[in-house]
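Numbering (the working numbering), first residue to last: -14 to 321.
Beta carbons are placed, not taken as given, at the ideal position from N, Cα and C, and that holds for glycine.
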Amino acid sequence: MQIKGEQLAVHLEQALQAVYVVYGDEPLLVLEAGDAIRSAARRNGFDEREVLTVIPGFNWIALHHAAGNMSLFGGRKLIDLRIPTGKPGREGSSAIQDYCTHPSPDTLLLVTLPGLDWTEEKAAWLKALAAAGVAVKLVPPNPAELPAWISGRLRRQQQSVESDGLRFIAERVEGNLLAAHQEILKLGLLYPAGEVTLEQVQQAVLNVARYDLDGLREALLVGDVTRLTRTLDGLQQEGEAPPLVLWAMTEEVRALAQVRTGLTQRKSLDALLKDARVWGPRQARFKRALKRIDTVRASAALAHAARIDRMIKGAGGSGDVWDEFLRLGLSIGVNL
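Here is the structure:
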């Protein structure tokens, strides 16, 4: 059975199926769908939970063992199988299909995947999961649908915003659902239930700090080295958390690397920008960056970002993390 993401809540009020598989390009939606299924499983007596994450070298016998190793107290179990790459491989495909042939009535299997392309959606193992239970494909709202999506999220916290405010938030987050989610939560913290005015939305969403992360991302894409340097200095002086600065820069670097790789494979730029969630005013800035950045340069910047991440976590490297932020920015922002 295949259902849409918006149908999941109603479905989970009914009898649960033995197998669920959730997948999609937007991590926030996949995470929330998985949480909803896990919560429903607990309500239905699946008190035990075993998490299996498929990494290189994963032994698929673990899936068989998880299904067979039931609690001594006769409880029901949720097997939380996570496949970050979306590719179980030949052995995994066989193991999944075998499991789906005879799922245990006392076990609920939840499989979490990233976005899949049309060929991967036709894979025998995915069809087996859908046939044995429910497949939930999570499709993010397009730019025209985003204001309504934001409005629905606000209703959950007993708030409402008029159309101008909804469009303002949508334009600000540029298709990033996680950013939209964070802004919605911020409104819930700042204002009581009821209607939130456009002015209140602008005050909440527009960071009152002189230097903000959105400005940093824009300077990075357009290659404005002076602004990039000034913004990094300002963020450092204002005590911005290094992980947030790295997140903002890495979002752009990762998208550049993704689109550049796709262009080498002769894919359509418009399709690649859509896949990378590059919408609205950000597209023009992004295209300017693509003229400066080739695949090698984008990959090197992504590796540099990974090194900075290890520095922040104290897992390797020495030096000043803010100096590294500037070096990373210059590697993308400067014309070579």
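In the same chain as Gly173, and ignoring 5 residues on each side of it, the C-beta atoms closer than 7 Å to its own belong to Gln142, Gln144, in chain order.
Taking the Cα of Gln222 as reference, the smallest distance to any Cα among Gly42, Trp307, Gly160 is reached at Trp307. Val281 counts as exposed, since fewer than 16 other beta carbons sit within 10 angstroms of its beta carbon. Excluding residues up to 5 positions away in sequence, Glu159 lie with their Cβ nearer than 7 Å to the Cβ of Arg267 in the same chain.
Lys72 sits in coil when the DSSP states are folded into three classes, being neither helix nor strand. Glu236 is the residue among Asp279, Glu236, Trp45, Leu170 whose C-alpha sits nearest the C-alpha of Leu201. If only uninterrupted alpha helix (DSSP H) runs of at least 4 residues are considered, those enclosed by the stretch -14 to 60 are -7 to -4, 12 to 28, 46 to 53. Here Leu101 carries a coil assignment [DSSP, helix/strand/coil].
In this structure, Tyr5 lies away from Val190, with their beta-carbon atoms at least 8 Å apart. Straight through space, the alpha carbons of Glu17 and Trp232 are spaced by roughly 21 Å. The beta carbons of Val(-5) and Val7 sit no closer together than 8 Å.
As the crow flies, the alpha-carbon of Ala113 is around 14 Å from that of Arg75. Between Ser78 and Ala117 a beta carbon distance of about 14 Å is seen, past the 8 Å cut, so the two are scored as non-contacting. Under DSSP, the beta-bridge partners assigned to Ser145 are Glu180. With a cutoff of 8 Å on beta-carbon distance, Thr92 and Ala52 are scored as near each other. Contact between Ile(-12) and Val119 holds, with the beta-carbon distance rounding to 6 Å and staying under 8 Å. A straight line joining the alpha-carbon of Pro88 with that of Arg292 spans about 43 Å. The stretch 202 to 221 makes no contact with the stretch 176 to 187: fewer than 3 CB pairs, one atom from each, lie closer than 8 Å. Remark: C-beta atoms of Ile68 and Leu94 do not approach each other more closely than 8 Å. Separation of the CB atoms of Leu123 and Gly304 is rounded to 40 Å, and the pair is thereby denied contact status at 8 Å. Looking only at Leu241, Ile297, Ile81, the smallest Cα-Cα distance to Arg277 is reached by Leu241.
Counting along the chain, Arg67 sits inside the beta strand (DSSP E) bounded by residues 62 to 67. By DSSP's assignment, Thr92 forms a beta bridge with Lys62. Following the DSSP letters along the chain, one finds Ala120 inside the beta strand (DSSP E) bounded by residues 119 to 123. The alpha carbon of Phe310 has as its nearest neighbour, out of Leu220, Leu258, Gln82, Leu254, the alpha carbon of Leu220. His166: member of the alpha helix (DSSP H) spanning 162 to 175, first to last residue. For Gln243, the enclosing alpha helix (DSSP H) covers residues 227 to 249. The closest CA to that of Gln82, considering only Ala115, Arg61, Gly71, is found on Ala115. With 16 or more neighbouring CB atoms inside 10 Å of its own CB, Pro73 falls in the buried class.
Boundaries of the alpha helix (DSSP H) harbouring Ile297: 280 to 297, taken from the DSSP string.
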